[in-house]
Each structure stands twice: as structure tokens, then as C-alpha cells.
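Residues in the sequence shown are numbered from 1164 upward in steps of one, following my numbering. Single-structure report; data block below.
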Amino acid sequence: MDLSGRKHGITFARTEFERLDGISPYTFQKQRLILPNGDPIILTIRFSPLQYGWFITELSYAPTDFLIKGARVTTTPNMLHQQRNLVPFGLGCFTKDNQEPTQIEDFSSGYAQLYLLSEEEVLSWAAVLND
């Protein structure tokens, strides 16, 4: 799987993103993630067969009272780019062919991968977009 960001014409200096394992082929998923500083993130996603896609039903980060509901999981180096000044992390989604994850088994089969980005990776992506 290419994690270089070639779809967007970039290469990250560090491509050791933290992959979110354990997304199974079930409609509803909830994970508690821990940032390197110990802060927890709650991520809840669901698959909608009528809309052929995965959706973030809740992404919460308590230290800044940050909350997102109802966002579609899309193939991008950082789905949280617009919120980069509110949270010290990002959420990236990559697929084998740079298409959107549209099937319930896309994550469990390895076709799609969801990654938690560090603050450094978020800043690298923002710098690329500002060039």
C-alpha cells in the first residue's frame, strides 16, 4: 500500500503513521485511542449500505471539547485538516487504488486503512498545502 501521498503529489518525511487496527466488517465500531501525551480520543464509525460508505458518528477529544458528528470517511491524508488548530492529531484514510471506502469489509480486508496522524504529520501536510 502506498502511503506516500502520491495521489496528492506529496511525500511525507515520515510515513510511520499509527494504523487503527481492529475495524471489523460490522456496521458499528467504537474505539478509544490514546495519543502519545496520554490524552484519549473516542472514535465511533458506522457503515451505511444505502450510502455506500463509512461515517464518523462521533469523534471526541475532551481536552479541547472537540466533537465531530456525521462526517464521511474519505480517502485523504488528513480528514481533520480544517480542524488542525483545534486538535493535536489528524485522521488519514488511504486505499489501495485511491478510491473511497464503500464496502463494509474495506477496512477488514486491507483495501482501506485508517491512520491516526501525529501533530508533526499534520503540520507536514498543512505545509504541503500552503506551498
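Note that beta-carbon positions come from the ideal geometry of N, C-alpha and C, so glycine has one too. All figures in this text were calculated on a predicted structure; none of them were measured in a lab.
- Message: So the candidates are Tyr1224, Asp1202, Gln1276; which of them puts its Cα closest to the Cα of asparagine 1261?
- Response: Gln1276
- Message: On the DSSP letters alone, give me the boundaries of the alpha helix (DSSP H) that glutamate 1283 sits inside.
- Response: 1282-1293
- Message: Starting from phenylalanine 1197, trace the beta strand (DSSP E) in both directions and tell me its first and last residue.
- Response: This sequence places isoleucine at residue 1197; phenylalanine is not what is there. It spans 1191-1197 - the beta strand (DSSP E) in which isoleucine 1197 sits, taken as one unbroken run.
- Task: Look at the Cβ atom of threonine 1220, then the Cβ atom of threonine 1239, and state whether they are nearer than 7 Å.
- Result: no
- Item | Residue span of the beta strand (DSSP E) that contains leucine 1230, given as start and end | 1229-1231
- Message: Measuring straight from C-alpha to C-alpha, what distance separates glutamate 1181 and leucine 1254?
- Response: 10 Å
- Task: Hey, could you find the ends of the beta strand (DSSP E) glutamate 1221 is sitting in?
- Result: 1216-1224
- Task: Compute the Euclidean distance between the alpha carbons of threonine 1265 and proline 1226, then round it to the nearest angstrom.
- Result: 32 Å
- Message: Within 10 Å of its beta-carbon, does proline 1203 have 16 or more other beta-carbons around it, so buried, or fewer, so exposed?
- Response: exposed
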